[in-house]
Structures are given as C-alpha cells and as structure tokens.
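Trainee: In the numbering used here, the protein residues as written are 1 to 475.
Laid out in structure tokens, this is it:
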C-alpha cells in the first residue's frame, strides 16, 4: 500500500511474524524514469542488496543506520548512538524469541526477496522502469555475479480502486476499461525481463453486466468474465496472480464481504487453462483475524493469502496464536508492542518518504503506522490522537514518548475495567473503520449526492484553513 509497505514494516513482518513475501509500495513508472527524477527514485525505491540490510542489522556496519535520503535524518533527531544500538539489539532479541531463543539472534538474519509493484499503462515505460529498478536495487549486478537478487518480481498494479487511478490510467480502472492495453504491458514485461524475475499481477474481480448497463465502465465494451480475465493474464506469461475478491466498486464505505467463491473460480480457471495444477494464485480480501487465513485457503484453494489493511493493524496476523488474545490487557500490550517494535525497526531503517513528500515525509510514514497500531486506544484519548497528527511531532523519540504516555494512562486500569471500555470491542479496530454501520438518527436528513459533495468541499476548506494557521504559527 502507498506509503505503508515501507522497508522497516516489511522487515518486521517477515522476520518476526511469518510473512513469506512482501510487496513495496506502488511506484509510478512514468515518474521513476523521468530524466530529472533522481529525487523521486531515491525517495520511493527501498529495495537494496540483502547483504547491505543484513550487515546493518547484524552490526557489521559499526552501528550505522540505512540512510539514503535527507528526510530520513529528521526522524532520527534526538536519538543517540546508544539509542540506535539498543533498538538494533532489541530487534535481534525479538528475532531470537521468534525462533524460540531467549538470547539475541546470532545466526544469519532472514532476508526474503521483495516484489516491486509499479503502476503503468505504457508497455515501453513499464519495461524501462522495471529495468531501472533492477539496476538500482543491485539486482542486475548480482545476477552477473551469480548471486541472489533482492527483487523477486515486478508486479503490475491492476487492483487500485481509488479515483486517482482513473486519472492516471492504472489499477483496476486500466484493467476494467482498457484490458487489451493491460495485456500489452504485461506481455512486454515478461518478454523483456530476465527469466529469474517474475512478472505478477494483482487484480480485482471483473465488473458485472449491471455495472456496464449503468455506464460505470467508461467504455463501450462489455465486461470480461472471470474465465476471460484469467486466461488473458496467463496468455501474457504472468507468473503469479493475486485476486482481490471484490470489484473496484466495493471500496471504503461501499466495501462488502469479499467473494471467496469468485476467487475460487479464478483459481480453478488458472489451473485448468495453464495446465499447471499448482499454478500460483493468491487470495486477497476479507482477512481480518488469524483464523480467517485458513478459512480463506479452504474455500478458495489458493496457494496463499495476501493481507493489506488488516496487517497494518495486526502485523502478527500470520503468526499462530499472535492474533488471538485472551484478555483486554493482552490486546493492549500486543498493540503497544507492535508500536514499540516498529519504532525499533524505523530507528535502524528509517522509512523513505515516498509519496508523502520530502518535508517530514519519512516520519509521516511512521505516523501513519502508529495511527493504525494504536487506533482503538487513541479514539479514547483524543488529545494524544491530535498530538500524533500534529506536524510538530515529527521524530521517533517523540513517538516513543507518546507510546509511553499511552501505556501509562492504562497502567492502573484492571482487566475488568478495561474490558468495559470501547477499545476492547472487536468493532473498535482500525480495520472496521469503514465497516461499522452508523446508526441513523430519527429525523436525520439523508444527504443527496450534491449534498455530500458540498459537505466534502466544506471539510476540505476547513483542512486548508487549519494548514494555513499551522503555517502562520511556524513562520
């Protein structure tokens, strides 16, 4: 996810919580290849030779941190060399604990390959960007030396349902409205990239005839069937398909239950058409709890499960026993631990700013993760929630202080009292924020589309005024 699948978060999930394969944030191919796009490239691609990351984490680089972009340094302000070393040692201890050891992990640290996701609608631009990604990540040189590439595959984003994707001609809009162009991009990627690098596609379910009849597809062609969509992808030479069990119209407040039966149809179609009974298809969507993973596998017969939103709040989703908590205290301590551990990883591997900009962007990535880890508890402490959203809070040290403050506020609350708080409810999770049904108040007017637009404009105007006030205060 954009500005969320950063290196420290990926490492935490892979090294501690049984994640086998992770994806980078989406990278706009056209921006990546720009002649004057060095800043964009540096601030977005966070895939490096595995030996570089391993040496920093194991301490072979003399206690250094992985810095490649100036905005990263801002997040580290106020931290001493000892603070950084303590974070590194806590990470190694956590890895050791996950391996059943009570001491720091002194063996070779696991460094899985990464899938780099791009957005593109021009075949030549997609290939050029992919080649540059292989070069900048060190993959090309490693291939020549017979070593392992840190890049597992290049993934074409065909799943993004956000309206900005329509303007940029990528994501699910590209696949739904320009399917033949989509397949040209994938075919060229597969024909030009080294055979050791996979070409993958993350898709959504195709729109229905009802969507076409309602004029929602933006073209005059009829929607593809599941069979047609999957066969076309395989004809392109795609090595792996990830299927989100919803159409692009099921998004945010319109989100419904993921259609795992339709995902199963995709799996069956891929394996029959390819002639490979083990053709890899990943299922995505509807994974909220650890037990949902096995349920999804049983229904879809997929090769694996991908999680996006739920994993951002519950990094231990794929770790047996990590998702379930026997008590409200256990739930609290788990979420605080996620925050603490992520801050350790960001201390050693400060996130790149990505799409959040060069000014404060690195910490804004951290800020976004903290909101998700601590969502249910920040809702009970709006002053801390506001402080976390304040741009004056922009360092890892300040974030640690906030976590300590939050922990202290619950320290004298016993289990019975905590269980009665709203934060202990299943529906209080960040994952459920768009899934909670808001009660309709008696005589409350139902807003028309025009009314909702006017309300959105008022909110935007208020946000702009708040930004202006902050700018004036900072001058």
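Heads up, the beta-carbon is just placed ideally off N, CA and C, and yes, glycines get one too.
Is the number of C-beta pairs between the stretch 313 to 329 and the stretch 276 to 293 that are closer than 8 Å three or more?
Mentor: Cβ pair count under 8 Å is three or more, so yes.
Trainee: Take residue 124 as the anchor and find which of 14, 182, 343, 25 has the nearest alpha-carbon.
Mentor: Here residue 124 refers to the residue found at position 124 of the chain shown. Considering only alpha carbons, the answer is 182.
Trainee: Using a Cβ-Cβ cut-off of 6 Å (strictly less than) and excluding sequence neighbours within five positions of residue 46, which residues of its own chain qualify?
Mentor: Against the chain shown, residue 46 aligns to sequence position 46. Once the five neighbours on either side are set aside, the close Cβ partners of residue 46 are 7, 352.
Trainee: State the beta-bridge partners of residue 242 as determined by DSSP.
Mentor: Here residue 242 is taken as the residue at index 242 of the chain shown, counted from 1. In the DSSP output, where bridge partners are listed per residue, residue 242 has 202, 282.
Trainee: Quick one: grab the DSSP three-state call for residue 45.
Mentor: Here residue 45 refers to the residue found at position 45 when the chain shown is read from its first residue. Three-state result, residue 45: coil.
Trainee: Are at least three pairs of beta-carbons, each pair with one atom in the stretch 34 to 51 and one in the stretch 295 to 310, less than 8 Å apart?
Mentor: At 8 Å Cβ cutoff, the stretches do not touch.
Trainee: With distances taken from CA atoms, which of 358, 388, 261 is nearest residue 3?
Mentor: Here residue 3 refers to the residue found at position 3 when the chain shown is read from its first residue. Closest by alpha carbon: 358.
Trainee: Our contact map puts residue 363 next to residue 339 with C-beta atoms below 8 Å; I'd like the distance itself, whole angstroms only.
Mentor: Here residue 363 refers to the residue found at position 363 when the chain shown is read from its first residue. Here residue 339 refers to the residue found at position 339 when the chain shown is read from its first residue. With a Cβ gap of about 14 Å, residue 363 and residue 339 do not count as contacting.
Trainee: When you compare only the Cα positions, how much space is there between residue 228 and residue 134?
Mentor: The residue given as residue 228 occupies position 228 in the chain shown. The residue given as residue 134 occupies position 134 in the chain shown. Looking at the two C-alpha atoms, the distance is approximately 31 Å.
Trainee: Could you tell me the distance, in whole angstroms, from the CA atom of residue 235 to the CA atom of residue 179?
Mentor: Your numbering for residue 235 matches position 235 in the chain shown. Your numbering for residue 179 matches position 179 in the chain shown. Roughly 13 Å between the two C-alpha positions.
Trainee: Which residues mark the beginning and the end of the alpha helix (DSSP H) in which residue 330 is found?
Mentor: As a working note, residue 330 is residue 330 in the chain shown. Segment 328 to 348, the alpha helix (DSSP H) holding residue 330.
Trainee: Can you tell me where the alpha helix (DSSP H) with residue 16 in it begins and where it stops?
Mentor: Here residue 16 corresponds to residue number 16 of the chain shown, with the count starting at 1. 7 to 16 is the extent of the alpha helix (DSSP H) around residue 16.
Trainee: For residue 445, does the count of other Cβ atoms within 10 angstroms reach 16, so buried, or fall short, so exposed?
Mentor: Here the question's residue 445 lines up with position 445 in the chain shown. Note that residue 445 scores a pLDDT of 46, beneath 50, so its modelled location is shaky and nothing firm can be said.
Trainee: Quick check on DSSP: helix, strand or coil for residue 172?
Mentor: Locating residue 172 in the chain shown gives position 172, where the first residue counts as 1. Helix at residue 172.
Trainee: When the Cβ atoms of the stretch 68 to 79 are set against those of the stretch 109 to 117, are three or more pairs found closer than 8 Å?
Mentor: Output reads no: the stretch 109 to 117 does not touch the stretch 68 to 79.
Trainee: Reducing DSSP to helix, strand and coil, say where residue 82 ends up.
Mentor: As a working mapping, residue 82 is identified with position 82 in the chain shown. Residue state, collapsed to three classes: helix.
Trainee: From the DSSP output, read off the bridge partner residues of residue 22.
Mentor: Indexing the chain shown from 1 puts residue 22 at position 22. DSSP output for residue 22 lists 114 as bridge partner(s).
Trainee: In this structure, does DSSP put residue 122 in helix, strand or coil?
Mentor: If you number the chain shown from 1, residue 122 lands on position 122. In this structure, residue 122 counts as coil in the three-state DSSP scheme.
Trainee: Relative to the alpha-carbon of residue 266, which residue among 256, 283, 431, 258 has its alpha-carbon at the smallest distance?
Mentor: Locating residue 266 in the chain shown gives position 266, counting from the first residue. The option with the nearest alpha carbon to residue 266 is 283.
Trainee: Give the DSSP-derived three-state secondary structure of residue 197 in the structure shown.
Mentor: As a working note, residue 197 is residue 197 in the chain shown. Residue 197 falls in the coil class under three-state DSSP.
Trainee: Per the DSSP calculation, residue 132 is bridged to which residue(s)?
Mentor: Counted from its first residue, the chain shown places residue 132 at position 132. Paired residue(s): none; residue 132 is not in a bridge.
Trainee: How would you call residue 164, buried or exposed, if buried means at least 16 neighbouring beta carbons within 10 angstroms?
Mentor: For the purposes of this step, residue 164 is identified with residue 164 of the chain shown, where counting begins at 1. It is exposed - the Cβ of residue 164 has fewer than 16 other Cβ atoms within 10 Å.
Trainee: What's the C-alpha gap between residue 369 and residue 127?
Mentor: By 1-based counting over the chain shown, the position of residue 369 is 369. By 1-based counting over the chain shown, the position of residue 127 is 127. Rounded to whole angstroms, residue 369 to residue 127 spans 32 Å at the Cα level.
Trainee: Using only the alpha-carbon positions, how far apart do residue 328 and residue 260 sit?
Mentor: Here residue 328 refers to the residue found at position 328 of the chain shown. Here residue 260 refers to the residue found at position 260 of the chain shown. Distance between the alpha carbons of residue 328 and residue 260: 31 Å.
Trainee: Which one of 241, 149, 21 has the shortest CA to CA distance from residue 186?
Mentor: The residue labelled residue 186 in the question sits at position 186 within the chain shown. Residue 241 is the option with its Cα nearest to residue 186.
Trainee: Classify residue 202 as buried or exposed, calling it buried when 16 or more other Cβ atoms lie within 10 Å of its own Cβ.
Mentor: Counting from one through the chain shown, the residue named residue 202 turns up at place 202. Looking at its Cβ environment, which holds 16 or more other Cβ atoms inside 10 Å, residue 202 is buried.
Trainee: Among residues of its own chain, excluding the 5 on either side of residue 238, which ones have a beta-carbon nearer than 8 Å to its beta-carbon?
Mentor: Numbered from 1 along the chain shown, position 238 holds the residue referred to as residue 238. Counting only Cβ-Cβ distances below 8 Å, and skipping sequence neighbours, we find 186, 190, 199, 200, 201.
Trainee: Within this structure, are the beta carbons of residue 120 and residue 29 separated by less than 9 Å?
Mentor: Position 120 of the chain shown, counting from 1, holds the residue named residue 120. Position 29 of the chain shown, counting from 1, holds the residue named residue 29. Contact: yes.
Trainee: Taking the continuous beta strand (DSSP E) assigned at residue 251, which residues delimit it?
Mentor: Taking the first residue of the chain shown as position 1, residue 251 is located at position 251. No beta strand (DSSP E) contains residue 251, which DSSP labels as neither H nor E.
Trainee: Answer with buried or exposed for residue 245, where buried requires no fewer than 16 other C-beta atoms within 10 angstroms of its C-beta.
Mentor: Looking up residue 245 in the chain shown gives position 245. The residue is buried, with at least 16 neighbouring Cβ atoms inside 10 Å.
Trainee: What is the DSSP secondary structure of residue 222, counted as helix, strand or coil?
Mentor: Along the chain shown, read from residue 1 onward, the residue named residue 222 stands at position 222. Reduced to three states, the DSSP call for residue 222 is coil.
Trainee: Relative to the C-alpha of residue 392, which residue among 377, 361, 406 is closest?
Mentor: Position 392 of the chain shown, counting from 1, holds the residue named residue 392. Answer by Cα proximity: 361.
Trainee: In the DSSP assignment, what residue or residues form a beta bridge with residue 28?
Mentor: Residue numbering aside, residue 28 sits at position 28 when the chain shown is read from its first letter. Looking at the DSSP assignment, residue 28 forms a beta bridge with 119.
Trainee: Mind listing, in chain order, the continuous beta strand (DSSP E) runs of no fewer than 3 residues lying wholly within the stretch 340 to 408?
Mentor: Fully enclosed beta strand (DSSP E) runs of 3 or longer: not present.
Trainee: Report buried or exposed for residue 409, applying the criterion of at least 16 other Cβ atoms within 10 angstroms of its Cβ.
Mentor: Residue 409 sits at position 409 when you count from the first residue of the chain shown. Residue 409 comes out exposed.
Trainee: Okay, do the stretch 379 to 386 and the stretch 64 to 73 touch, 3+ Cβ pairs below 8 Å being the bar?
Mentor: No, the stretch 379 to 386 is not in contact with the stretch 64 to 73.
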